[in-house]
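Residue numbers (this note's numbering), protein chains in the order written: chain E, 1 to 187; chain F, 188 to 374. One structure below.
There are 2 protein chains.
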Amino acid sequence: MTTDPRVQRTQQRLRQALAELVLQQGYESISIRELAAQAGVGYATFFRHYPSKDALLLDLLQRSIQEMARLLPPGLDADPAEEGRLIFVHAAQHQQLYRILLSGGGALALLEEVQAAAVAEVMRRFGRQTAPAIPLEILAHHLVAATIALIGWWLQHDQPYPPPRMGQIYAELIMRPFLALVGQERG
Amino acid sequence: MTTDPRVQRTQQRLRQALAELVLQQGYESISIRELAAQAGVGYATFFRHYPSKDALLLDLLQRSIQEMARLLPPGLDADPAEEGRLIFVHAAQHQQLYRILLSGGGALALLEEVQAAAVAEVMRRFGRQTAPAIPLEILAHHLVAATIALIGWWLQHDQPYPPPRMGQIYAELIMRPFLALVGQERG
DNA sequence: TGTTTTATGATACACCGTGTATCATAACTT
DNA sequence: AAGTTATGATACACGGTGTATCATAAAACA
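Laid out in structure tokens, this is it:
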């Protein structure tokens, strides 16, 4: 683990630069030379930290996802609507990144990674329930995919409902059927 | 409209070559030089027919989808599990097409078109139900997105369950909660 | 504080893919 | 048979990627 301030500073600048450029011109058209210039960093320096533009984006997105994970403590299962509300508040705050992730532009592999991580998390969280009628792996994948799709719809339609309403919808449309199928009602 | 046999032959070869290379190495890594070589066609000739690799893929997929649409059976509503089974049988039969579509390689616009058409179809089919607690547009989008995601999971995991089983899962995981929320039980 | 280690900036370079231009030749049309 | 058009081959400019090198600045260490 590196604690060198120079490393931290450079990586921070690169992430910051990517976030800025994405807002200005989207993701695909950004070149690494452009990125380094925006970050005030040498071109070759980029490759000393990230093997590709996608890797940098992945880092940026993973930090955002981790931040969301911190917003969703385990005890929140009790209130799905509130959990959903927090998800959509976070999505609105980081909508430019979510748009990249969901538009699939260059971040397709990244979306799959994020999705796989989320599926693993769900399976960890509900793996001790009574064996469901539908394979848990499918249930987990469905939960994650449906949530991502709902966020994508909401952002692409310019947030036509406020986060509390979306939280309710998330709870009724996604979480309640999921909990019913995962055997939660027996616990 | 060009009827010149040379044009037809060249375009056919390019589409064929793309289909072959996609199966071998995916979409992204294919270069236009590679494509032209596989097609047995000059490099510059490619640009005389398609402005980009994406345009060629779009042409290929549109033709395949038109062919698929002609084979799709008309109305079958009564049995969700049977409807689901047919969906997965069809997905298995056209899996290479579905894989390209779902992997999103340059075909995102087309996937969105297909999705939008499916959403419209769902809304037309359930638009006369009693007003649901959740906006019908969201319900329809969720239904389509969840179905596509389930097909994608199934294909990417090499069809670990047979179509009848997937049809049951589709009915329980997707269709039953959808029908409950759309107010079907009152009809 | 002085020394060592390491990250950075600047630059040059090879490599690859794209898209355009050119022209002789082959294939098609009438 | 004569005219038209698509093709193949080739060359080229352009831009982006990833690597190598080296002097310098910054951090860590003693």
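Glycine included, each C-beta is placed from N, C-alpha and C at the ideal position.
Measuring CB to CB, does residue i end up less than 7 angstroms from residue j?
i	j	result
A304 (chain F)	V331 (chain F)	no
I100 (chain E)	Y27 (chain E)	yes
Q225 (chain F)	L210 (chain F)	no
I361 (chain F)	A327 (chain F)	no
Q282 (chain F)	L342 (chain F)	yes
Q316 (chain F)	V369 (chain F)	yes
V228 (chain F)	T189 (chain F)	no
L35 (chain E)	A17 (chain E)	yes
Given that residue i touches chain E, what residues does it touch there, using C-beta distances under 8 angstroms?
i	result
E359 (chain F)	A133, I134 and L181
H236 (chain F)	Ordered by position in chain E, no residue passes the 8 angstroms Cβ test against H236 (chain F), which lies about 24 angstroms from the chain.
Going along chain F, which residues have a C-beta under 7 angstroms from residue i?
i	result
I169 (chain E)	I321 and I325
Measure how close the beta-carbons of residue i and residue j come, nearest whole angstrom, since I'm counting them as under 8 angstroms.
i	j	result
L243 (chain F)	L201 (chain F)	6 angstroms
E172 (chain E)	I325 (chain F)	Contact flag wrong, Cβ pair sits at about 10 angstroms.
S251 (chain F)	L284 (chain F)	5 angstroms
F275 (chain F)	P350 (chain F)	4 angstroms
L71 (chain E)	H90 (chain E)	6 angstroms
Q346 (chain F)	A296 (chain F)	No, Q346 (chain F) and A296 (chain F) are not in contact; Cβ-Cβ is about 28 angstroms, not under 8 angstroms.
I217 (chain F)	Y230 (chain F)	Actually they do not touch by this definition, with Cβ atoms about 13 angstroms apart.
Anything in chain F within Cβ reach of residue i, meaning under 9 angstroms, just list it in chain order.
i	result
A145 (chain E)	A332, A333, I335, A336, L337, G339 and W340
H94 (chain E)	Simply none; closest approach about 21 angstroms.
Please list the partners that residue i has in chain E, where partner means a Cβ-to-Cβ separation under 7 angstroms.
i	result
P364 (chain F)	P177
Chain E partners of residue i, CB-CB under 9 angstroms?
i	result
H277 (chain F)	Neighbours of H277 (chain F) on chain E: none; closest Cβ ~19 angstroms, over 9 angstroms.
Looking at C-beta atoms only, is the number of pairs between the stretch 229-244 of chain F and the stretch 263-277 of chain F that lie closer than 8 angstroms three or more?
Contact fails: fewer than three Cβ-Cβ distances are below 8 angstroms.
ask   = Can you list the alpha helix (DSSP H) stretches of 4 or more residues lying completely in the stretch 151-180 of chain E, in chain order?
value = Listed in chain order, the complete alpha helix (DSSP H) runs (minimum 4 residues) inside the stretch 151-180 of chain E are 163-169.
(request) Examine the Cβ distances between the stretch 247-259 of chain F and the stretch 333-344 of chain F and report whether three or more of them are shorter than 8 angstroms. (result) No contact exists between the stretch 247-259 of chain F and the stretch 333-344 of chain F.
Can you list, in chain order, the stretches of the alpha helix (DSSP H) that have 4 or more residues and sit fully within the stretch 193-255 of chain F? For the stretch 193-255 of chain F, the full-length alpha helix (DSSP H) segments reaching 4 residues or more read 219-226 and 230-234 along the chain.
Those runs of the alpha helix (DSSP H) which lie wholly inside the stretch 69-137 of chain E and span at least 4 residues:
DSSP assignment within the stretch 69-137 of chain E yields the following whole alpha helix (DSSP H) runs of 4 residues or more, N-terminal first: 80-93, 95-103 and 108-126.
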